[in-house]
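**Q** In the numbering used here, the protein residues as written are 3 to 148. Note that CB positions come from ideal geometry on N, CA and C, so glycine has one too. Sending over a structure as structure tokens; questions will come in a sec.
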Amino acid sequence: MNKHILVADDDLHIREVISFALEKAGMQVTLAEDGRQAIDYFALHSIDLLVLDINMPEFDGLEVCREIRKTSDTPILFLSSRDDEIDRILGLEIGGDDYVTKPFSPRELVARINIILKRVVAKPVAVMNQLQHGKLAIHLEQHAAT
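Below is the structure:
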């Protein structure tokens, strides 16, 4: 499981702690200092999940999420020192998949990321519109059999 995680936080220490924990868990990590760097990097690379600090310069995590949701369903986990219920709800309502408050346990953060990634991989994908066996054809979209 070599997933590529983009971590955007303006605090160097937080970025280093998260990077160490994720790399130890076998993930590839890219770091961004602010929301603008995160958006620019995301536009050019394949990312499996984003970890976004809510309070960043340039673009904050909420603005980054809004921008990314215009074109992608890539999972987003928010980090924030804000623990108010309204902040958590807003983060989830605009498209975040999870919300973790600072200070946090790096092990818990890795566990939450793994859970989100499993859920994304586990989503069934309709590959065909029709199943065929002999003369029997099942048309999935029409809910019909011939």
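Using alpha carbons as the reference points, say which of Ile118, Arg71, Gly37 lies closest to Leu79.
**A** Answer by Cα proximity: Ile118.
**Q** Ends of the beta strand (DSSP E) at Asp89?
**A** Here Asp89 belongs to no beta strand (DSSP E); instead the alpha helix (DSSP H) covers 87 to 95.
**Q** DSSP three-state call for His6: helix, strand or coil?
**A** Strand, per DSSP.
**Q** In its own chain, which residues sit with a C-beta less than 6 Å from the C-beta of Asp50, not counting the 5 before and 5 after it?
**A** Once the five neighbours on either side are set aside, the close Cβ partners of Asp50 are Lys5, His6.
**Q** Can you find a C-beta in chain B that's less than 7 Å from the C-beta of Ile20?
**A** Absent from the structure is chain B; it holds one protein chain and no more.
**Q** Go ahead and pull the three-state DSSP assignment for Leu142.
**A** Of the three classes helix, strand and coil, the one that applies to Leu142 here is coil, per DSSP.
**Q** Quick check: the Cα distance between Ile140 and Arg68, rounded to an integer number of angstroms?
**A** If you take the alpha carbons of Ile140 and Arg68, they lie about 39 Å apart.
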